[in-house]
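Visitor: So in the working numbering, the last one in the sequence shown is 988, and the numbering has no gaps at all.
All C-beta atoms, glycine included, are put in the ideal place defined by N, C-alpha and C.
I'd like to ask some things about the structure below.
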Amino acid sequence: MKLGRVEFCHFLQLIALVLCFSGMSQAELSRSSSKPYFQSGRSRTKRSWVWNQFFVLEEYMGSDPLYVGKLHSDVDKGDGSIKYILSGEGASSIFIIDENTGDIHATKRLDREEQAYYTLRAQALDRLTNKPVEPESEFVIKIQDINDNEPKFLDGPYTAGIPEMSPVGVIKTALPNMDREAKDQYLLVIQAKDMVGQNGGLSGTTSVTVTLTDVNDNPPRFPRRSYQYNVPESLPVASVVARIKAADADIGANAEMEYRIVDGDGLGIFKISVDKDTQEGIITIQKDLDFEAKTSYTLRIEAANKDADPRFLSLGPFSDTTTVKIIVEDVDEPPVFSSPLYPMEVSEATQVGNIIGTVAAHDPDSSNSPVRYSIDRNTDLERYFNIDANSGVITTAKSLDRETNAVHNITVLAMESQNPSQVGRGYVTITILDINDNAPEFAMDYETTVCENAQPGQVIQKISAVDKDEPSNGHQFYFSLATDSMNNHNFSLKDNKDNTASILTRRNGFRRQEQSVYYLPIFIMDSGSPSLSSTNTLTIRVCDCDADGIAQTCNAEAYVLPAGLSTGALIAILACVLTLLVLILLIVTMRRRKKEPLIFDEERDIRENIVRYDDEGGGEEDTEAFDMAALRNLNVIRDTKTRRDVTPEIQFLSRPTFKSIPDNVIFREFIWERLKEADVDPCAPPYDSLQTYAFEGNGSVAESLSSLESISSNSDQNYDYLSDWGPRFKRLADMYGTGQETLYS
Numbered sequence: 244m245k246l247g248r249v250e251f252c253h254f255l256q257l258i259a260l261v262l263c264f265s266g267m268s269q270a271e272l273s274r275s276s277s278k279p280y281f282q283s284g285r286s287r288t289k290r291s292w293v294w295n296q297f298f299v300l301e302e303y304m305g306s307d308p309l310y311v312g313k314l315h316s317d318v319d320k321g322d323g324s325i326k327y328i329l330s331g332e333g334a335s336s337i338f339i340i341d342e343n344t345g346d347i348h349a350t351k352r353l354d355r356e357e358q359a360y361y362t363l364r365a366q367a368l369d370r371l372t373n374k375p376v377e378p379e380s381e382f383v384i385k386i387q388d389i390n391d392n393e394p395k396f397l398d399g400p401y402t403a404g405i406p407e408m409s410p411v412g413v414i415k416t417a418l419p420n421m422d423r424e425a426k427d428q429y430l431l432v433i434q435a436k437d438m439v440g441q442n443g444g445l446s447g448t449t450s451v452t453v454t455l456t457d458v459n460d461n462p463p464r465f466p467r468r469s470y471q472y473n474v475p476e477s478l479p480v481a482s483v484v485a486r487i488k489a490a491d492a493d494i495g496a497n498a499e500m501e502y503r504i505v506d507g508d509g510l511g512i513f514k515i516s517v518d519k520d521t522q523e524g525i526i527t528i529q530k531d532l533d534f535e536a537k538t539s540y541t542l543r544i545e546a547a548n549k550d551a552d553p554r555f556l557s558l559g560p561f562s563d564t565t566t567v568k569i570i571v572e573d574v575d576e577p578p579v580f581s582s583p584l585y586p587m588e589v590s591e592a593t594q595v596g597n598i599i600g601t602v603a604a605h606d607p608d609s610s611n612s613p614v615r616y617s618i619d620r621n622t623d624l625e626r627y628f629n630i631d632a633n634s635g636v637i638t639t640a641k642s643l644d645r646e647t648n649a650v651h652n653i654t655v656l657a658m659e660s661q662n663p664s665q666v667g668r669g670y671v672t673i674t675i676l677d678i679n680d681n682a683p684e685f686a687m688d689y690e691t692t693v694c695e696n697a698q699p700g701q702v703i704q705k706i707s708a709v710d711k712d713e714p715s716n717g718h719q720f721y722f723s724l725a726t727d728s729m730n731n732h733n734f735s736l737k738d739n740k741d742n743t744a745s746i747l748t749r750r751n752g753f754r755r756q757e758q759s760v761y762y763l764p765i766f767i768m769d770s771g772s773p774s775l776s777s778t779n780t781l782t783i784r785v786c787d788c789d790a791d792g793i794a795q796t797c798n799a800e801a802y803v804l805p806a807g808l809s810t811g812a813l814i815a816i817l818a819c820v821l822t823l824l825v826l827i828l829l830i831v832t833m834r835r836r837k838k839e840p841l842i843f844d845e846e847r848d849i850r851e852n853i854v855r856y857d858d859e860g861g862g863e864e865d866t867e868a869f870d871m872a873a874l875r876n877l878n879v880i881r882d883t884k885t886r887r888d889v890t891p892e893i894q895f896l897s898r899p900t901f902k903s904i905p906d907n908v909i910f911r912e913f914i915w916e917r918l919k920e921a922d923v924d925p926c927a928p929p930y931d932s933l934q935t936y937a938f939e940g941n942g943s944v945a946e947s948l949s950s951l952e953s954i955s956s957n958s959d960q961n962y963d964y965l966s967d968w969g970p971r972f973k974r975l976a977d978m979y980g981t982g983q984e985t986l987y988s
């Protein structure tokens with residue numbers, strides 16, 4: 244019959260009790276042949292007692308103390324004269340003994356896993372004399388084991404990881420081809436049983452979490468077979484057009500991808516790269532888009548795993564393709580010039596209004612709106628050039644001078660007629676070609692001297708010339724003496740044929756008292772076509788020189804004194820003249836510092852002090868300096884007039900009047916003219932300064948500010964208090980007071 248766990252435990256306890264009783268009976272019956280024990284006062288021999296081991300089951304759960312065994316001596320006749328004593332491990336605390344009968348009981352639950360046996364000592368005493376009747380004997384109580392501890396896993400719970408798709412091997416899997424993408428984790432419960440798994444045994448459990456690690460067993464797949472994106476044609480180069488992503492069920496490095504454009508008509512226009520963080524394919528522009536040239540592009544894009552696992556190549560290709568269509572949207576673009584730069588050339592001798600060249604721009608949009616041209620005046624402040632608004636023909640507006648500005652870089656604006664906000668820019672470089680319009684002149688201001696003891700044929704100066712023009716073949720100057728100096732007996736000129744000339748003496752010796760300065764006119768001609776020439780005067784001073792020919796003094800005062808006049812007399816004359824000059828200067832200074840009396844002369848007419856002005860003005864010519872009609876009426880024709888009260892050399896800009904045009908345009912033109920005048924004014928300071936434009940505009944309501952009309956006006960100011968200031972202010976009180984007296988009463 245099969246026994247349950249409880250019945251099996253009771254069965255074991257019965258067996259243990261039987262064994263205990265068997266041992267106890269043996270202890271009572273056994274005798275040893277040890278030496279006899281002699282009790283004091285007596286001489287009889289007794290045999291000692293010896294116990295075998297006692298056994299007791301652990302984990303006793305009864306309510307009464309557990310019986311362990313019995314001690315008994317042959318001396319004990321059962322009359323109560325013998326007393327048993329127990330000592331050693333656990334005596335009195337765990338094990339107790341009945342001193343009359345010798346029965347031993349365990350009072351506490353015993354655990355073999357805590358202590359497997361106890362060593363105790365037993366002794367029998369005479370109750371009356373308390374003397375031992377038996378020698379002390381040592382015995383052992385062993386704790387018998389029962390199955391009271393289940394198996395335990397010391398390091399649980401456990402985790403383990405195996406690659407997905409692993410074959411059956413050392414780590415045994417119950418299922419073949421376990422797929423991480425379907426389930427990536429398994430929880431196992433492991434049970435361990437003792438007693439070889441028999442009934443009545445105990446068991447322990449632990450958990451094992453098995454995680455499947457990823458392998459590259461899934462190819463990338465695009466979720467859609469085609470994509471479409473719209474982009475404006477104005478999108479800058481390197482801008483992102485679209486982002487696409489292929490799905491991959493793998494993770495980590497097994498999901499890393501590469502994208503490439505394998506086909507399509509936009510291979511040179513677009514490129515694709517991968518975003519390392521998101522594994523997206525990023526499509527960007529490589530060249531400018533043009534709706535008018537091409538309205539759409541089609542790309543065939545492939546996505547593939549970066550590192551494929553050869554074990555799973557049989558599952559299929561580890562790549563996928565999709566189609567991307569890019570639609571280019573039209574954008575209203577500014578006009579485009581046919582050339583990014585227009586180089587032009589014009590002679591500085593060209594007449595005003597001559598054509599220099601033509602620029603051309605067109606509207607790149609399908610509407611092909613007409614274009615109007617203008618010059619950005621910030622690049623042509625002097626307004627040297629004009630452009631026809633419709634044809635783009637550039638002409639000269641002012642005379643050109645290569646020596647002032649050899650190259651003009653201007654910007655031409657092209658504006659759509661239908662949408663003026665769309666403005667294109669073209670760039671024009673106008674090179675001014677040189678003509679021979681500048682005569683040669685001395686290269687510097689020469690300080691030429693000749694010694695009084697100079698010899699004929701001696702070179703006293705070497706001269707050269709400069710020319711503001713720049714002929715293509717270089718300069719070639721020709722030097723000679725002016726026509727009226729051809730027969731000069733003092734000096735001669737030698738042309739060195741290298742754009743220099745030498746001045747030589749023609750006679751022996753010069754005297755300062757005869758002539759201290761000579762003026763030698765020199766004729767210089769260039770090789771231009773037509774050639775230009777100029778006459779430059781060389782000043783030659785006669786000087787006293789030392790033995791080495793170095794000038795010491797070039798003054799002639801020692802030779803202009805009257806004969807026989809001593810140095811002392813000369814000093815006296817100079818002192819008198821100086822004294823006279825000082826006196827005259829003092830008299831003039833004192834006269835200038837003399838002040839006019841502050842008090843009005845009673846006899847002087849006060850009106851004379853009011854209306855007298857010490858300024859005659861310019862007469863009729865004064866009105867030619869500025870057209871007064873421009874201040875009275877702005878809607879007049881602008882015309883340039885030359886002032887007759889200044890010389891042409893210092894007249895830089897003439898002030899134009901205005902023709903009939905809107906007031907805002909007049910004001911803008913007025914400011915523009917004043918700005919140009921300030922920019923080219925040679926007397927202006929070399930830094931930015933405040934410019935005051937006294938332009939009132941059209942329709943001014945301001946009236947006369949003259950104080951001459953103040954007398955006849957009814958002023959609210961009361962000047963009666965002037966009468967209280969005394970007789971000196973009587974005239975003013977009569978003029979401005981409210982009394983009945985008047986100036987002419």
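(1) Who are the near neighbours of residue 374 in its chain, counting only those whose CB is closer than 6 Å to its CB and skipping five residues on each side?
(2) Which full runs of the beta strand (DSSP E) of 3+ residues lie inside the segment 427 to 506, going along the chain?
(3) Please identify the residue among 318, 491, 832 whose C-alpha is closest to the C-alpha of residue 466.
(4) Considering only DSSP beta bridges, list what residue 766 is partnered with.
(5) Using a C-beta cutoff of 8 Å, does residue 299 count as contacting chain D?
(6) Which whole-angstrom value describes the C-beta separation of residue 301 and residue 354, a residue pair presumed to lie in contact below a C-beta threshold of 8 Å?
(7) How many angstroms separate the CA atom of residue 919 from the CA atom of residue 625?
(8) Span of the alpha helix (DSSP H) holding residue 977?
(9) Look up residue 510 in the DSSP assignment and say whether it is helix, strand or coil.
(10) Could you give the distance in angstroms between the alpha-carbon of residue 432 and the alpha-carbon of residue 425?
(11) Measuring CB to CB, does residue 744 end up less than 8 Å from residue 783?
(12) With DSSP as the reference, identify every bridge partner of residue 569, one or two as the case may be.
(13) Verify whether the separation of the beta carbon atoms of residue 429 and residue 453 is less than 8 Å.
(14) Give me the residue from 677, 609, 602 with the minimum Cα distance to residue 593.
(15) Roughly how many angstroms separate the alpha carbons of residue 501 and residue 516, rounded to a whole number?
(16) Check whether the Cβ atoms of residue 349 and residue 311 lie closer than 8 Å to each other.
(17) Rounded to a whole number of angstroms, what is the C-alpha to C-alpha distance between residue 712 and residue 722?
(18) By the 10 Å Cβ neighbour count, where 16 or more other Cβ atoms means buried, how is residue 524 classified, buried or exposed?
(19) May I ask which residues mark the beginning and end of the beta strand (DSSP E) holding residue 734?
(20) Taking all protein chains shown into account, decide if residue 330 is buried (16 or more other Cβ within 10 angstroms of its Cβ) or exposed.
(21) Could you compute how far the alpha carbon of residue 761 sits from the alpha carbon of residue 710?
(22) How long is the line joining the alpha carbons of residue 482 and residue 554, rounded to whole angstroms?
(23) Residues bridged to residue 366 by DSSP?
(24) Select from 609, 581, 736, 613 the residue whose C-alpha is nearest the C-alpha of residue 602.
(25) Going by DSSP in three states, residue 521 sits in which element: helix, strand or coil?
(26) The beta strand (DSSP E) that contains residue 349, what's its start and end?
(27) Classify residue 552 as helix, strand or coil using the three-state DSSP reduction.
(28) Return yes when the Cβ of residue 708 is within less than 8 Å of the Cβ of residue 767, no when it is not.
(29) Restricting to Cα atoms, I'd like to know which of 641, 963, 332, 347 is closest to residue 359.
(30) Where do the N-terminal and C-terminal ends of the beta strand (DSSP E) with residue 421 fall, by residue?
(31) On the criterion of 16 or more Cβ atoms from any shown chain inside 10 Å, does residue 556 qualify as buried, or is it exposed?
(32) So the candidates are 924, 912, 643; which of them puts its Cα closest to the Cα of residue 595?
(33) Report the partner residues of residue 579 according to the DSSP bridge assignment.
(34) Between residue 969 and the rest of its own chain, which residues show a CB-CB distance below 6 Å, the 5 nearest in sequence each way excluded?
(35) Near residue 284, what residues of its chain come up, given a Cβ to Cβ distance below 8 Å and the 5 sequence neighbours on each side ignored?
(36) So what does DSSP say about residue 759, is it helix, strand or coil?
Guide: Once the coordinates are examined:
(1) Around residue 374: no qualifying Cβ.
(2) Taken in chain order, the whole beta strand (DSSP E) runs of length 3 or more contained in the segment 427 to 506 are 428 to 436, 446 to 456, 469 to 475, 483 to 487.
(3) Ranking the options by Cα distance to residue 466, first place goes to 491.
(4) In the DSSP output, where bridge partners are listed per residue, residue 766 has 723, 778.
(5) Given the protein chain composition of this structure (a single chain), no chain D is represented.
(6) A Cβ-Cβ distance of about 6 Å is found for the pair residue 301 and residue 354, placing them in contact under the 8 Å criterion.
(7) Linking residue 919 to residue 625 through their CA atoms gives a straight-line distance of about 7 Å.
(8) Per DSSP, residue 977 belongs to the alpha helix (DSSP H) from 973 to 979.
(9) Coil at residue 510, not helix or strand.
(10) Taking the straight line from one Cα to the other gives about 21 Å.
(11) Not closer than 8 Å, so no.
(12) Bridge partners of residue 569: 472, 540.
(13) Result yes, Cβ atoms of residue 429 and residue 453 sit closer than 8 Å.
(14) Nearest of 677, 609, 602 to residue 593, Cα basis: 677.
(15) Using only the alpha carbons, I get a separation of about 8 Å.
(16) Yes, the Cβ-Cβ distance between residue 349 and residue 311 is below 8 Å.
(17) Between residue 712 and residue 722, the C-alpha separation is close to 18 Å.
(18) A residue is called buried when at least 16 other Cβ atoms come within 10 angstroms of its Cβ; residue 524 meets this threshold and is buried.
(19) The continuous beta strand (DSSP E) containing residue 734 extends over residues 734 to 738.
(20) Exposed.
(21) Distance between the alpha carbons of residue 761 and residue 710 is about 26 Å.
(22) The alpha-carbon atoms of residue 482 and residue 554 are separated by roughly 40 Å.
(23) Residue pairing for residue 366: DSSP places it in a beta bridge opposite 328.
(24) Ranking 609, 581, 736, 613 by Cα distance to residue 602 puts 581 first.
(25) Reduced to three states, the DSSP call for residue 521 is coil.
(26) Its beta strand (DSSP E) spans residues 346 to 349.
(27) The answer is coil: DSSP assigns residue 552 none of H, G, I, E or B.
(28) The answer is yes: Cβ separation under 8 Å.
(29) Measuring C-alpha to C-alpha distances from residue 359 to each of 641, 963, 332, 347 identifies 332 as the nearest.
(30) Going by DSSP, residue 421 is part of no beta strand (DSSP E) at all; its letter is neither H nor E.
(31) Residue 556 should be labelled exposed.
(32) Residue 595 has its Cα closest to that of 643, out of 924, 912, 643.
(33) Note: residue 579 sits in a beta bridge opposite 605.
(34) Result list for residue 969: empty, nothing under 6 Å.
(35) Only weak support exists for where residue 284 lies, its pLDDT of 40 falling under 50; the value from the coordinates is given anyway. So the list is empty, once near-sequence residues are dropped.
(36) Here residue 759 sits in coil by DSSP.
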